[in-house]
Amino acid sequence: MQATAMADFSSGVLLEDLPDGSMLAGKAGGDEVLLIRRGESFFAIGAACTHYHGPLAEGLLAGETIRCPWHHACFDIRTGAALHAPALDPLVCWRVERAGDKVFVREKLENPPIPRTADRPAIPQSVVIVGGGAAGLAAALTLRREGYANALTLISADDSAPYDRPNLSKDFLAGNAPDEWMPLRAPEFYADNGIDLLLGTRVESLDANERRVTLADGRRLPFDALLLATGAEPIRLNIAGAGAEQVCYLRSFTDGRALVARAATARRVVVLGASFIGLEVAASLRARGIEVDVVGLERVLMERVLGAEVGRFVQDLHVSHGVTFHLGNSIAQVRDRHVTLTDGTILEADLIVAGVGVRPALALAQTAGLALDRGVLVDQYLQTSAPGVFAAGDIARWPDALSGERIRVEHWVLAERQGQTAARNILGRGERFVAPPFFWSQHYDVAINVVGHAESWDGIEMQGTLSARDCIVRYRRAARTVAVATVGRDRASLEAELAMESAQR
642 MQATAMADFS
652 SGVLLEDLPD
662 GSMLAGKAGG
672 DEVLLIRRGE
682 SFFAIGAACT
692 HYHGPLAEGL
702 LAGETIRCPW
712 HHACFDIRTG
722 AALHAPALDP
732 LVCWRVERAG
742 DKVFVREKLE
752 NPPIPRTADR
762 PAIPQSVVIV
772 GGGAAGLAAA
782 LTLRREGYAN
792 ALTLISADDS
802 APYDRPNLSK
812 DFLAGNAPDE
822 WMPLRAPEFY
832 ADNGIDLLLG
842 TRVESLDANE
852 RRVTLADGRR
862 LPFDALLLAT
872 GAEPIRLNIA
882 GAGAEQVCYL
892 RSFTDGRALV
902 ARAATARRVV
912 VLGASFIGLE
922 VAASLRARGI
932 EVDVVGLERV
942 LMERVLGAEV
952 GRFVQDLHVS
962 HGVTFHLGNS
972 IAQVRDRHVT
982 LTDGTILEAD
992 LIVAGVGVRP
1002 ALALAQTAGL
1012 ALDRGVLVDQ
1022 YLQTSAPGVF
1032 AAGDIARWPD
1042 ALSGERIRVE
1052 HWVLAERQGQ
1062 TAARNILGRG
1072 ERFVAPPFFW
1082 SQHYDVAINV
1092 VGHAESWDGI
1102 EMQGTLSARD
1112 CIVRYRRAAR
1122 TVAVATVGRD
1132 RASLEAELAM
1142 ESAQR
């Protein structure tokens, strides 16, 4: 069947073909454009999300924003500004003109000028960000986009500039994403934007009263405001008989490259840990034709995280792609290529990939005397117990209005969004953090989106069927929906996210 030609917006679109609240995909000057009507106002923006190029025409229009159906990025339809991660770059906009009963898409618009903030009295003269992951980079970008022009230092213990960490267990490990796709910014970006990026650098101590950090090499850096975004560290296991070269972890870009190199010659792999990351690793290794055994302590896959029915669906999906599960098990010992499980089963393995969870990196916060409770305690503005010191990402435990509890969540998109909010609050915006947690997990050709956070629930409501890959699952506690998982229902996931945000405002 021949593809239908896209409408040429430069030739005009009849008003009757664009009712209020509608979106229409087409082209202008060879570019793919999304034309939007809001009342008697018309907007033309780039048709693809700037994150992974999701089709915005299939997204959710809410007020003067549009949300991507794939990974929930949010944009301003007036300016194209990327309001919420994971998109970090704005959309292109075009001028729209109405003439008679038609609207026309004209020339591209220049990006709106960045407001200057440095002359405001509360603006810090220097900002230090500790942590080069999701929250750290998002904060640095937001500060510059908000017009902050003073000294900005981004300190990372990682030896790689900020990269697309979620992709490590997905396309990168599967062999579909080359090394050059992984960095989130070109090497010259940091110098061009006045961001002093210190890689392979550890902060030895933080003095919140004197407002300075001391680096492992003895250097001292003063700051007026600081964002602590040290992330999490993988739990490393001492497996009897296993040499360090036999056990791989997947937390950093360096880890990812090492695992890809090992996978190039491996025939059999044992994945220890049936977490989302462990299962994504299993799927990626199967894409390479490697035999995979998954070992996990749980008796029912993901029962504690998503419930038994969803867990069985995920397990059946992996089994259909050749993965063998050994649940209710762990590794007792390793001898050469033989892995003995606690139930006596012996597996052959060229290597073991361990994915049994992470711990928040709290050592720096603890020695600095910040208030802790299974994470760094922050208020609704993401400020810690020390004035001028903020925390975001895997280490932050914040007051979640939706659940009525303090929660700490290890999600990439959430960390980015907290970094963005923290940056604006460093500039004195007084913005409450109300974004519900969101993550997606890819398993072969099936994506699972989860909005909200449910450490426990007293009821599960399901619409649709998992077997048809068309389902929405609501997790309820005390008559409230605290989390929503979807398969094949991207718009429903967006609507759930919007409802959770609205409930907190």
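Numbering (my numbering), first residue to last: 642 to 1146.
We put the beta carbon where it would ideally sit given N, CA and C, even for glycine.
Next item on the list: Please classify W1039: is it buried, with 16 or more other beta-carbons within 10 angstroms of its beta-carbon, or exposed?
Entry: buried
Check: Considering D837, what are the terminal residues of the beta strand (DSSP E) in which it resides?
Finding: 836-839
Check: I think V737 touches A685, with their Cβ atoms under 8 Å apart; what is that distance to the nearest whole Å?
Finding: 5 Å
Notebook entry, point to check: Can we say the region 986-1001 touches the region 947-962, given the rule of at least three CB pairs closer than 8 Å?
Noted result: no
Notebook entry, point to check: For the candidate residues A1144, S1026, A1109, A1137, whose alpha-carbon lies nearest to that of G1129?
Noted result: A1109
Item checked: N- and C-terminal bounds of the beta strand (DSSP E) containing G979 -> The sequence given here places His at residue 979; Gly does not occur at that position. Looking at the DSSP string, the run of the beta strand (DSSP E) that includes H979 is 979-982.
Item checked: Entirely enclosed alpha helix (DSSP H) segments - the region 762-803, minimum 4 residues -> 775-786
Check: What is the residue span of the alpha helix (DSSP H) that I1067 lies within?
Finding: 1053-1067
Checklist line | Beta-carbon proximity check, L825 vs L750, cutoff 9 Å | finding: no
Next item on the list: Taking H694 as the reference, give the member of C715, R678, E705 with the closest Cα.
Entry: C715
Notebook entry, point to check: Would a C-beta distance cut-off of 9 Å place G1060 and A775 closer than the cut-off?
Noted result: yes
Next item on the list: Would you mind reading off the limits of the beta strand (DSSP E) that contains Y831?
Entry: Per DSSP, Y831 belongs to no beta strand (DSSP E); it is in the alpha helix (DSSP H), 830-833.
Next item on the list: Could you check what DSSP says for P807 in three-state terms: helix, strand or coil?
Entry: helix
Next item on the list: Buried or exposed for L942, please, with buried defined as at least 16 other CB atoms from any protein chain shown within 10 angstroms of its CB.
Entry: buried
Notebook entry, point to check: In terms of DSSP beta bridges, what is M943 paired with?
Noted result: Beta-bridge pairing links M943 to no other residue.
Check: Going by DSSP, what residues sit across from R1115 in a beta bridge?
Finding: E1102, V1125
Check: Helix, strand or coil for L1003 per DSSP?
Finding: coil
Notebook entry, point to check: What alpha helix (DSSP H) runs, 4 residues minimum, are completely inside the region 895-936?
Noted result: 917-928
Item checked: Identity of the residue in E845, V768, I876, R976 nearest R785 by Cα -> V768
Item checked: Close-in-space but distant-in-sequence residues of the same chain around G897 (CB under 7 Å, 5 per side omitted) -> L809, F813, L814, L891
Margin query: Only counting the same chain, and skipping five residues up and downstream in sequence, which positions put a Cβ closer than 6 Å to that of C734?
Written below: I686, G721, L750
Notebook entry, point to check: Can you name, in chain order, every residue of its own chain whose Cβ lies under 6 Å from the Cβ of R1073, other than the five neighbours on each side?
Noted result: Q1021
Notebook entry, point to check: Terminal residues of the continuous alpha helix (DSSP H) containing G952?
Noted result: 949-961
Next item on the list: With a 10 Å radius around its C-beta and 16 neighbouring C-beta atoms as the bar for buried, classify H979 as buried or exposed.
Entry: exposed
Next item on the list: Would you tell me roughly how many angstroms separate the C-alpha atoms of V901 and G816, rounded to the nearest one?
Entry: 8 Å
Checklist line | Rounded straight-line distance, which links the Cα of L868 to that of M642 | finding: Unreliable positioning characterises M642 in this predicted model, as indicated by a pLDDT of 37, which lies under 50. A coordinate reading is not provided.
Item checked: Integer Cβ distance of L1023 from F1031, believed to fall under 8 Å -> 5 Å
Next item on the list: Decide if A905 is buried, meaning its Cβ has at least 16 other Cβ atoms within 10 Å, or exposed.
Entry: exposed
Note to self: Quick check: the Cα distance between N752 and D730, rounded to an integer number of angstroms?
What the structure shows: 11 Å
Margin query: Once the 5 residues before and after R908 are set aside, which same chain residues still bring their CB inside 8 Å of it?
Written below: I931, E932, D991
Check: Under a three-way DSSP split, which group does Q1145 fall into?
Finding: helix
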